[in-house]
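2 protein chains.
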Amino acid sequence: MTNLYDRHSVLLARAVEALRTRAFWTPFPEVPSGKVYGETAKAEGLAAFEALVGKAFDMPGHPEMRRVGRENAPWGKALSISYPANDPATLIAASQKAADKWASVDPETRAGILLEALTRLNAMSFLIGHSTMHTTGQAFPMAFQAGGPHAQDRGLEAVAAAYSEMTGSATAVTWEKPQGKHAPITLEKRWRIMPRGVSLMIGCQTFPNWNGYPGLFASLATGNTVIVKPHPGAILPLALSVKVLRDVLAEEGFSSDVVLLAADEPGAEVTKDLVETQAFSIIDYTGSSVFAAWLRKNAGSALVFTEETGVNSITITGTDDFAGMCDNIAFSLSLYSGQMCTSPQNIYVPQGGIETDAGHKHFEDVVSGIVAAVDRLLSDGAQAASICGAIANASTFERVEKARQAGRVVRESRETGFGSSATPLLVVVDDREGGPERNECFGPVSFFIACADAHDAIAKAAAIATEKGRSRQHFMPRMAP
Amino acid sequence: MTNLYDRHSVLLARAVEALRTRAFWTPFPEVPSGKVYGETAKAEGLAAFEALVGKAFDMPGHPEMRRVGRENAPWGKALSISYPANDPATLIAASQKAADKWASVDPETRAGILLEALTRLNAMSFLIGHSTMHTTGQAFPMAFQAGGPHAQDRGLEAVAAAYSEMTGSATAVTWEKPQGKHAPITLEKRWRIMPRGVSLMIGCQTFPNWNGYPGLFASLATGNTVIVKPHPGAILPLALSVKVLRDVLAEEGFSSDVVLLAADEPGAEVTKDLVETQAFSIIDYTGSSVFAAWLRKNAGSALVFTEETGVNSITITGTDDFAGMCDNIAFSLSLYSGQMCTSPQNIYVPQGGIETDAGHKHFEDVVSGIVAAVDRLLSDGAQAASICGAIANASTFERVEKARQAGRVVRESRETGFGSSATPLLVVVDDREGGPERNECFGPVSFFIACADAHDAIAKAAAIATEKGRSRQHFMPRMAP
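Same order as they appear, the protein sequences are chains A and B. Quick note on numbering: the working numbering labels position 400 of the first sequence as 400, and the sequence is numbered without any gaps. Quick note on numbering: the working numbering labels position 217 of the second sequence as 1217, and the sequence is numbered without any gaps.
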């Protein structure tokens, strides 16, 4: 057992215990406060971020044929950072070359290295927060949490789950099978973990670390090597993560190329080229169902793990706090301008209205109550920007514009005055086959749908969840059987 | 918790413990002895088998549109048993109708029912042995073990592994997230196991129960319903298993249709029709890589678990017991006429020979030593039949005949005089691209291949293992994520 496993064994044991009990527990505080992260952490994080802007990102020893980098600037601040880039064959060869030693060590050694990396990433959470903010368009508090401690939680959970699976059975036994009066058959049995091979982690634009860490750390913990392919609009958060992992690997005597970066630019994405090599044993992906289907078809023998688009619903059948409900829904609709996998899109309300603490509310009363709550919440531009953030991808504006034609607009989307912004567009639509609410409309767009009654509203929400919102996440072992 | 869980909870706990320690343990004795199974068990098992022959197999309450049944008679004894048969839509509808209640109960209830079924199947091991013998062509002792206690071990292992996974994390927790000076966020969280849906278990001809029980019992333990599609040549062992499961299910108040039989006849197999309904969430299959590839392509969103053909090798580089080695290899080549997934096919020997306790042995000495050992082992017809068993499938004879043309025959395949038999054919072949030893030749055929030296022999055996023998078994969770 290495020094790093010893250093982090208590952390690992507590994480394994939390997996078992499912109670709340985290070693990574979510509050972006100097009291927690050190009085100078905030200023140092900002300075570290500014020092990266406009420069060639330093990735010692990483294979490099050229430089690329044309990331998003949702808040208007262009990063202008260049990253090492390579053709797929070079990256895959480097990954394969690094594989044997990483595969051969015990689960403790790998867990120690990964927990050291997560601990260092946690200390960098302010830098990661700024990197996440200026690539995804999240407001800083969300960017800090989602790119920093919450993503680190997910990385830790992956390491703990992998460690738990890898150590749940004996790795050696003297196996004795009785043979009646004869001497027993005795076998000295030994088992060792066999990784699957090279893993590809395809990052997404809105939550690069949060969606990326589970696959990244699970593949590494189980002894696979990983090529990280960030979204071309949001490279920096994952580049920082890859760099920290490479640093710790090198310090511990492993090839840094156990983790590699496959950066690219919008319009010249390398994802399909990578996948079509058929060199991967595992592929992790977060994003559209269309590309996920392409992956499943073209991934060869790779295990494909995806988190895909869905349609989230709110069904309103009554409340004992109408004002509170409207405020709560307004916040959910506004947060990060509907760019979260949990953002509600469809709001089902009985045509005849609902009973509330403020008396009967007709369908139109519910609609106007929520519209007014959104207007109230976002009345101040700076506060609106702190809630809505900015829009990560220009195609979201096109979807908002198209959704305006989908029905009766009851609230127009507006700018906050900060960055590329769009507050919620709210549209009353008819419930009909092929209606606009039947598919995901990613971004700050929500639809009100009048239903026959409460049962019909629940049935409609259940149907869309079954059809479009069914989880496509698959969890399968990252070790060879 | 039900009565059946209470009855078998110690058995389950010991099986879970054996999974963890990997030490030898079984509750199902492998010796076909009256001392173990009761003095009358042997006679009763045979009588029960004879009572089934030539009759309509009784499967109370099973959907039935017609009767089918044209099983193998490798020992010359035709079973002439008819089984209920249905179109795929009827079976799938019945399975789906039975699903909800089975899915909704706790893991303990399901485990109790499955362990009761395994315990009853164990008591029926003599009947199962005769059923396995007269469908697969195994000699009785192997048929008893592989169709009975060893298959039951595998079913028990599947139940224990599923139970262990389903109960490893809390199912309820009061989740409290601190909020600094404010009151914590408190959530009452509940989890429940979500099965995937209807499972299809496609049985094989040579080891119907042994290869079928892991998928069957794993799917059931995790709350899925199962349609069992036996090989048309070997229905009876799985029909008996399905019947016992249906009996216990009905006694415990569940629909028997949680487990259904999809029997068919040679030349009119229903497997493709079943798969093409795309109604299955899980498919288990043992057999050829060609059909496994078809399954993966046509299974839709089903998880496909397969055990496929491979090429097993022996590499001889020296020995301190030449006579013992030859006898041991002779037994491996002869046992069940090479119809086991572990039967050796390719024997790699250095061209220049090997060092042994009996002096240097040239390549030809090694070949003739093994040939002589096979001849010696099988010199008596009755003993040969007890080792070689009979041939399950007529196409095996065609492969033997074709292999005679593949090189220099050093031992001809012969009949034992009992049933449809074939003793080992041994052929010296050249090592060349596309040689006959490069693909699986299922049945009593082995090839000797002369190699440059010991290192070359090991390299060749390793290469064929990587190319053809790589395990295709995938183990993935049978619960929805």
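For glycine and all other residues, C-beta sits at the position ideal for the given N, C-alpha and C.
Just checking my contact of residue 371 (chain A) with residue 428 (chain A) at CB under 8 Å: how many whole Å lie between their CB atoms?
Not confirmed; about 10 Å, so no contact.
Quick one: grab the DSSP three-state call for residue 82 (chain A).
Under the three-state reduction of DSSP, residue 82 (chain A) is assigned to strand.
Using a Cβ-Cβ cut-off of less than 7 Å, give me the residues of the region 1016 to 1039 of chain B that come near chain A, in sequence order.
The region 1016 to 1039 of chain B vs chain A, Cβ under 7 Å: 1019, 1020, 1021, 1022, 1023 and 1024.
Any residues in the region 1132 to 1157 of chain B with a beta carbon nearer than 9 Å to a beta carbon of chain A? Which ones, in chain order?
Those would be none; no residue qualifies.
I want to see whether chain B comes within less than 7 Å of residue 465 (chain A), judged by CB atoms only; does it?
Residue contact check for residue 465 (chain A) against chain B: no CB pair falls below 7 Å.
Comparing the C-beta of residue 229 (chain A) with each C-beta of chain B, is any distance below 7 Å?
No, its Cβ sits nowhere closer than 7 Å to a Cβ of chain B.
If you measure between the beta carbons of residue 349 (chain A) and residue 1022 (chain B), is that distance less than 7 Å?
Their beta carbons are not under 7 Å apart, which means residue 349 (chain A) does not touch residue 1022 (chain B) by this criterion.
Does any residue of chain A bring its CB to less than 7 Å from the CB of residue 1177 (chain B)?
Chain A contact via Cβ: present.
Just curious, the alpha helix (DSSP H) that residue 1034 (chain B) is in, first and last residue?
It spans 1034 to 1037 - the alpha helix (DSSP H) in which residue 1034 (chain B) sits, taken as one unbroken run.
Min CB distance residue 170 (chain A) to chain B below 7 Å:
With 7 Å as the cut-off, residue 170 (chain A) counts as an interface residue toward chain B.
Under 7 Å between C-beta atoms of residue 1144 (chain B) and residue 1027 (chain B):
For the pair residue 1144 (chain B) and residue 1027 (chain B), the CB atoms are not nearer than the 7 Å cut-off.
Residue interval of the alpha helix (DSSP H) (run including residue 154 (chain A)):
Unbroken alpha helix (DSSP H) run through residue 154 (chain A): 149 to 166.
Do you know how far the Cα of residue 422 (chain A) is from the Cα of residue 397 (chain A)?
In this structure, the straight-line span from the alpha carbon of residue 397 (chain A) to that of residue 422 (chain A) is close to 8 Å.
Hey, residue 45 (chain A) and residue 126 (chain A): beta-carbon distance below 7 Å or not?
For the 7 Å CB-CB criterion, residue 45 (chain A) and residue 126 (chain A) form a contact.
Residue 230 (chain A): which of A:74, A:239, A:57 and A:222 sits nearest, CA to CA?
Scanning A:74, A:239, A:57 and A:222 for the CA closest to the CA of residue 230 (chain A) turns up A:239.
Tell me residue 1350 (chain B)'s beta-bridge partners as DSSP assigns them.
Answer is B:1451.
Does the structure place the region 1007 to 1017 of chain B close enough to the region 1157 to 1171 of chain B that three or more beta carbon pairs sit under 8 Å?
Inter-segment contact for the region 1157 to 1171 of chain B and the region 1007 to 1017 of chain B is present: three or more beta-carbon pairs are separated by less than 8 Å.
Return no unless some Cβ of chain A is closer than 7 Å to the Cβ of residue 1173 (chain B).
It does; some Cβ of chain A falls within 7 Å.
Closer than 7 Å, CB to CB, is residue 12 (chain A) near chain B or not?
No, residue 12 (chain A) lies away from the interface with chain B (no Cβ there is under 7 Å from its Cβ).
Give the DSSP-derived three-state secondary structure of residue 1481 (chain B) in the structure shown.
Because the pLDDT of residue 1481 (chain B) is 45, which lies under 50, any placement of that residue in the model is unreliable, and the question is left without a value.
Starting from residue 101 (chain A) and walking both ways along the alpha helix (DSSP H), at which residues does that stretch end?
For residue 101 (chain A), the enclosing alpha helix (DSSP H) begins and ends at 88 to 104.
Chain B contact residues for residue 181 (chain A), given Cβ-Cβ distances below 9 Å
The contacting residues do not exist; residue 181 (chain A) stays about 12 Å from chain B at best.
Every unbroken beta strand (DSSP E) within the region 325 to 400 of chain A, with a cutoff of 3 residues, ordered by chain:
Taken in chain order, the complete beta strand (DSSP E) segments of 3 or more residues contained in the region 325 to 400 of chain A are 346 to 350, 354 to 356 and 359 to 361.
In the DSSP assignment, find the unbroken beta strand (DSSP E) run with residue 1284 (chain B) in it and report its ends.
Looking at the DSSP string, the run of the beta strand (DSSP E) that includes residue 1284 (chain B) is 1282 to 1287.
Nonlocal neighbours in the same chain, by C-beta distance under 7 Å from residue 150 (chain A), ignoring five residues either side:
Answer for residue 150 (chain A): 30 and 210, listed in chain order.
What are the start and end residues of each continuous alpha helix (DSSP H) run of 4 or more residues lying completely inside the region 1105 to 1146 of chain B, in chain order?
For the region 1105 to 1146 of chain B, whole alpha helix (DSSP H) runs of length 4 or above, ordered along the chain, are 1107 to 1123 and 1125 to 1136.
Distance between residue 1069 (chain B) and residue 1054 (chain B) (C-alpha atoms, nearest Å):
Whole-angstrom Cα-Cα distance: 10 Å.
Going along the chain, which residues of its own chain have a beta-carbon closer than 6 Å to the beta-carbon of residue 110 (chain A), five neighbours each way excluded?
Cβ neighbours of residue 110 (chain A) beyond the five flanking positions: 221.
Between A:133, A:7, A:16 and A:6, which lies nearest to residue 419 (chain A) when the distance is taken from Cα to Cα?
Of A:133, A:7, A:16 and A:6, the residue nearest in Cα terms is A:133.
Compare the C-alpha of residue 73 (chain A) against each of A:135, A:130, A:97 and A:37 and name the closest.
It is A:135.
Using a 10 Å radius around the Cβ and a threshold of 16 neighbouring Cβ atoms, would you call residue 108 (chain A) buried or exposed?
Buried, since its Cβ has 16 or more Cβ neighbours within 10 Å.
Nearest-angstrom beta carbon gap, residue 101 (chain A) and residue 311 (chain A) [assumed within contact, 8 Å]
Wrong, their Cβ atoms sit about 45 Å apart, outside the cutoff.
Please list, in chain order, the chain A residues whose beta carbon lies closer than 7 Å to that of residue 1189 (chain B).
Those are 22, listed as they occur along chain A.
Count the C-beta pairs between the region 85 to 104 of chain A and the region 285 to 296 of chain A that are closer than 8 Å, then say yes if the count reaches three, no if not.
Contact between the region 85 to 104 of chain A and the region 285 to 296 of chain A is absent, because fewer than three Cβ pairs lie under 8 Å.
Which residue's Cα is closest to the Cα of residue 1179 (chain B): A:25, A:355 and A:454?
Checked all of A:25, A:355 and A:454; the closest Cα to residue 1179 (chain B) is A:25.
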